[in-house]
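There are 4 protein chains.
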Amino acid sequence: MLLQASSYFEMYADAPVTSIFMLRSKSGPGQFIRQEAFWTTPQVPINEYVDGYGNICQRIIIPAGNFTLETSVVAECDACIDVDMSAVYTPVEALPDHVLQFLLPSRYCESDKVTELASRIVEGVSPGYAQVEAIRQWVYAHFSREYGTTNSSTSALDVLQSKTGVCRDYTHASIALCRNLDIPARMVVGYLHDLKPMDLHAWFEAYVGGRWYTFDALMEKPVGGRIIMAYGRDAADVAFASHFGSVFLNKMEVSVKEIC
Amino acid sequence: MLLQASSYFEMYADAPVTSIFMLRSKSGPGQFIRQEAFWTTPQVPINEYVDGYGNICQRIIIPAGNFTLETSVVAECDACIDVDMSAVYTPVEALPDHVLQFLLPSRYCESDKVTELASRIVEGVSPGYAQVEAIRQWVYAHFSREYGTTNSSTSALDVLQSKTGVCRDYTHASIALCRNLDIPARMVVGYLHDLKPMDLHAWFEAYVGGRWYTFDALMEKPVGGRIIMAYGRDAADVAFASHFGSVFLNKMEVSVKEIC
Amino acid sequence: MLLQASSYFEMYADAPVTSIFMLRSKSGPGQFIRQEAFWTTPQVPINEYVDGYGNICQRIIIPAGNFTLETSVVAECDACIDVDMSAVYTPVEALPDHVLQFLLPSRYCESDKVTELASRIVEGVSPGYAQVEAIRQWVYAHFSREYGTTNSSTSALDVLQSKTGVCRDYTHASIALCRNLDIPARMVVGYLHDLKPMDLHAWFEAYVGGRWYTFDALMEKPVGGRIIMAYGRDAADVAFASHFGSVFLNKMEVSVKEIC
Amino acid sequence: MLLQASSYFEMYADAPVTSIFMLRSKSGPGQFIRQEAFWTTPQVPINEYVDGYGNICQRIIIPAGNFTLETSVVAECDACIDVDMSAVYTPVEALPDHVLQFLLPSRYCESDKVTELASRIVEGVSPGYAQVEAIRQWVYAHFSREYGTTNSSTSALDVLQSKTGVCRDYTHASIALCRNLDIPARMVVGYLHDLKPMDLHAWFEAYVGGRWYTFDALMEKPVGGRIIMAYGRDAADVAFASHFGSVFLNKMEVSVKEIC
């Protein structure tokens, strides 16, 4: 399917602040970027670079005063995501080299500390895709979606206690549980068609059956219509904006629509 | 300056042909891509990847029949290019690692075979930028620009004999002469504002005074207004289209204009 | 100085276990590897690869039974490490792209949660090297070195409470405090000449004054004689051995000596 | 099999000369480096880096006077190389991205200019491994091995005329012919057990049947026992020594032996 997505940010800073954004998509498996744009007002110098995960990053000195940033993208992506309950566990010795890093614990996914819960959730479930789906369904069923209950320091451990949060928190919890079972899992951020309320979104991928599969613990069912902006271990790697100073976000609008 | 450029290709193939294009720009030193698009008719699957030089490549199976490809880009780039006749020769031991490869001879730049000419052109010229400029001016002065006198097998040696050719040939000759003096030189392809007649263009960069400088042997004077699409050792690396089969190019249009 | 170092491990596994080791050094800034060896008994297939930080990793299926691993290295390295109390803070906008990742919180370095302590330690200290040195000295002065008080789940937050631990813990605490001040900091593991008792070692580097400097919170004074095996964000990235199953370490010997 | 190989060079320079060596091996598909060493007399600073093909390179300023360089390596490698006459041609659209560059013509392999000969050699041979083997056998049968008939400027075109040369020339001719058929081919340099007379060696790999296969046009039959030092498009990329100035090679010794 062909999706057109855009994001719009109005910011204000009292003094110049260095910020790093991750708001541009690139072509990759399952996604081809037909068209893409990135504009700021005022126009400022932008240092664009590619990080260690292959994400496109923009380093900007946000000037004092008002600052707006607009992006848009037209991307071909899959209307449905692949589902395969029979995809088996890929043993560590068979994982591609670059996948191994997604087995490790990370800032917001303390996978080394969720052994009991992970074991309980997947009890009796056959190793592989079915385990990841069991985790996803468990998180979906037990968490409630509430804005404002978590912040940028909230980790999987925290949210497995509180069981409330936003897409980011659902994702951290799911990833920590997968990695505990030695299933590589990574965070994905981007756009999701038909997300309600519309926002930038976060979900995860798990590596089973010899490939990455898409999972989203915030959704009841597997749904496609996703434009990927960045991959990483967790939200530390893929924040859409990292400000090294005080920046006020006065307005943020996100839209995603299908085009013919 | 802010430039808007576009390219349009009408092709025809009797049977499906695999082709590799290098027609998308990315942000980098001296260039920021504000907006960018890549469309084909009919729409076909596209495998986009990044080559060893960092160029964005599109691998496409061109279907039998008519096929059109359109690209556009809006880029901030420098209106003027840096000129520094005092930039000195950078000795090989001081070159950055990734620059070293541009000292080597390549398919169309047989730098090992132009010693006498290179020495003659730079006789009495102080090592560094001034030598590269002497080479550029020599090629500009001695070559005549004629379409159809060279083809995809024509190399620097050939064209240093015939002294006719197009931007690609001027560039190969210049690069071969620079490398002969142990000055790293690389080919650049992209758009040039005010090029007459308008076309995709090729020029070169040489590494002196601790950085890359832009040179263009087809132009009388140093001019800016360039959008870079790809870097490489020579035309083998940076062909805007490589067809693995027979594809007829029925029409090609290129435009570059300044926008406010 | 020329150092010869070796490590020796006797392991036992009931059943085959996949493990990843990071026990080989490579040449790099301040270090040239003259000689290097890696042997196992029994000899087994080894999949060696380079991770995202440039570290050389060995993936091995440890067979059931006894398994020994021996490595040795002869490296030229600096006898003294650079110290420059006047090296100033490098602002985020001036950091090289690949350094930016070392500003982020990570699994064992919750830099987002140590603001108060970091501010207190560096109060009145001028931004840059002097701040990092103040942090290093604070950790050295307040921590006590005790084996067995921490484990593989212990993070900077934990150890800033307990104030006891080993080199790994000293390092995590220091890194978390540096990053809180927007000073990039990364973990280093390797050999240290004259370490007592001899062991594999961990320390850190901080990026100030436009380059990386070496710091070691376990040592009273800055000392050189270091062979680097791996760089990373924290111990999650640079564990010298990660076992995906049960492996008993029956014996471990490390030696480092100067040779002429 | 476990091979021990060494190389020894005595050089002399009137004045300091910057040189780049490619004389160290690393672990990779089909090869694991157990032990490795690199020594010079006098000891000099060495800048070691990895080039765009993944080869380890040493940049050294050779001092005025005598200079010796010794390397040794102990590597596990395959005693036999894979042979599969039924491996089919891999179409360009199915090649991995990083393999595509080995389709292009290069300085010493003018693949665009050998169409008639390539077609003749493989006439009636089924596309894939069998074609590469036909090329290899044709070169083996028609070329005679003679030292001193070619030099560092000799290319495939030259040697397809003269039909004499050394391993480097046999390899260039074979690669040019393969690439003409849109079969990716790359040059390999390293050690070959039982090569007579013993020397550093060059051979090639071709990508058919979805993987790289080893071919050696200097040998009558497929033989294993190879330690790889470097991969590249042709000899421009993988010269074991590139001197940017005058260096006399007074002595060179190479040895390869099997150990238990």
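Residue numbers (full-length UniProt numbering), protein chains in the order written: chain H, 1 to 260; chain D, 1 to 260; chain L, 1 to 260; chain V, 1 to 260.
Even glycine gets a Cβ: it sits at the ideal position worked out from N, Cα and C.
For Y53/L, the three-state DSSP class (helix, strand or coil): Residue state, collapsed to three classes: coil.
Distance CB(S162/D)-CB(V139/D) smaller than 8 Å: Going by C-beta atoms, S162/D is not nearer than 8 Å to V139/D.
Three-state secondary structure assigned by DSSP to I175/V: Looking at I175/V - three-state DSSP - the assignment turns out to be helix.
Inter-residue CB distance, N250/D and M11/D (contact presumed, cutoff 8 Å): Yes, N250/D and M11/D are in contact; Cβ-Cβ is about 7 Å, under 8 Å.
Within 8 Å, strictly: CB atoms of S128/V and V88/V: Looking at the sequence shown, residue 128/V is not Ser but Gly. Yes, Cβ-Cβ distance for G128/V and V88/V is below 8 Å.
Residues sharing a beta bridge with W203/H, DSSP: In the DSSP output, where bridge partners are listed per residue, W203/H has V188/H.
V132/D, enclosing beta strand (DSSP E) - first and last residue: It is not in any beta strand (DSSP E) - V132/D instead sits in the alpha helix (DSSP H) that spans Y129 to H142.
Beta-carbon proximity list for V17/V, same chain, < 6 Å, skipping 5 on both sides: Only I62, H243, G245 and V247 meet the Cβ criterion.
Under the three-state DSSP convention, the category R107/H falls into: Correct three-state label for R107/H: coil.
Straight-line gap, V114/D to D112/L (C-alpha atoms, nearest Å): Rounded to the nearest angstrom, the two C-alpha atoms are 60 Å apart.
Chain-order list of residues whose beta-carbon lies under 7 Å from that of Y108/V (same chain, five-residue window excluded): Correct list, in chain order: S155, A156, H172, D234, A235 and A236.
Per-residue DSSP class, three states only, for K113/H: DSSP places K113/H in helix when its eight states are reduced to three.
Identity of the residue in Y49/L, T68/L, Q31/L and Q35/L nearest T41/L by Cα: That would be T68/L, whose Cα lies nearest to the Cα of T41/L.
Residue-level contact to chain V via CB, A79/L, 8 Å cutoff: A79/L is outside the set of residues whose beta carbon lies under 8 Å from a beta carbon in chain V.
Closer than 8 Å to chain V by CB, W138/L: Interface criterion not met: the Cβ of W138/L is under 8 Å from no Cβ in chain V.
Boundaries of the beta strand (DSSP E) in which V254/V is found, first to last residue: Run containing V254/V: F248 to I259, per the beta strand (DSSP E) assignment.
Neighbouring residues, chain V, relative to Q58/D (Cβ below 8 Å): The premise fails here: Q58/D is roughly 11 Å from chain V at the closest Cβ pair, so nothing lies under 8 Å.
Residue(s) in a DSSP beta bridge with V74/H: DSSP output for V74/H lists Q4/H and Q35/H as bridge partner(s).
Proximal residues, the region 33–46 of chain H versus chain D, C-beta separation under 7 Å: Residues passing the 7 Å Cβ filter: R34, Q35, E36, A37, F38, W39 and I46.
Straight-line gap, R168/H to I81/L (C-alpha atoms, nearest Å): Put simply, the backbone Cα of R168/H is about 42 Å away from that of I81/L.
Proximal chain V residues relative to V92/D, where beta-carbon distance stays under 7 Å: Among the residues of chain V, those whose CB is under 7 Å from the CB of V92/D are T18 and F244, following chain order.
For E93/V, three-class secondary structure by DSSP: Helix.
Inter-stretch contact (C-beta, 8 Å, three-pair minimum) for the region 175–184 of chain V and the region 143–154 of chain V: Judged by Cβ distances under 8 Å, the region 175–184 of chain V makes no contact with the region 143–154 of chain V, as fewer than three pairs qualify.
Own chain, CB closer than 7 Å to R136/H, minus 5 neighbours either side, in chain order: Correct list, in chain order: S174, F215 and A217.
Nearest-angstrom Cα separation, counted from A241/V out to I228/V: Roughly 16 Å separates the two Cα atoms.
Same chain, Cβ closer than 6 Å to N55/V, neighbours up to 5 away in sequence not counted: For N55/V, where only same-chain residues beyond five positions count, the Cβ hits under 6 Å are M22 and A230.
Residues that DSSP places opposite V208/L in a beta bridge: Per DSSP, R211/L.
Straight-line gap, C178/V to L104/V (C-alpha atoms, nearest Å): For C178/V and L104/V, the gap between their C-alpha atoms comes out near 11 Å.
Neighbour-count burial assignment, G210/L, 16 or more Cβ in a 10 Å radius: Exposed is the call here.
Where Q58/D falls: helix, strand or coil (DSSP): Strand.
Below-8 Å beta-carbon distance, S152/L vs any chain H residue: S152/L has a beta carbon lying within less than 8 Å of a beta carbon in chain H.
Buried or exposed (CB count within 10 angstroms, at least 16 for buried), H193/H: Under this definition H193/H is a buried residue.
Secondary structure of Y170/H, DSSP reduced to three states: Y170/H: helix per DSSP, three-state reduction.
Alpha-carbon spacing of I121/D relative to A130/D, whole angstroms: Take the alpha-carbon of I121/D and the one of A130/D: they are about 11 Å apart.
Rounded separation between E110/D and V189/V - CA only: Cα to Cα, E110/D sits roughly 22 Å from V189/V.
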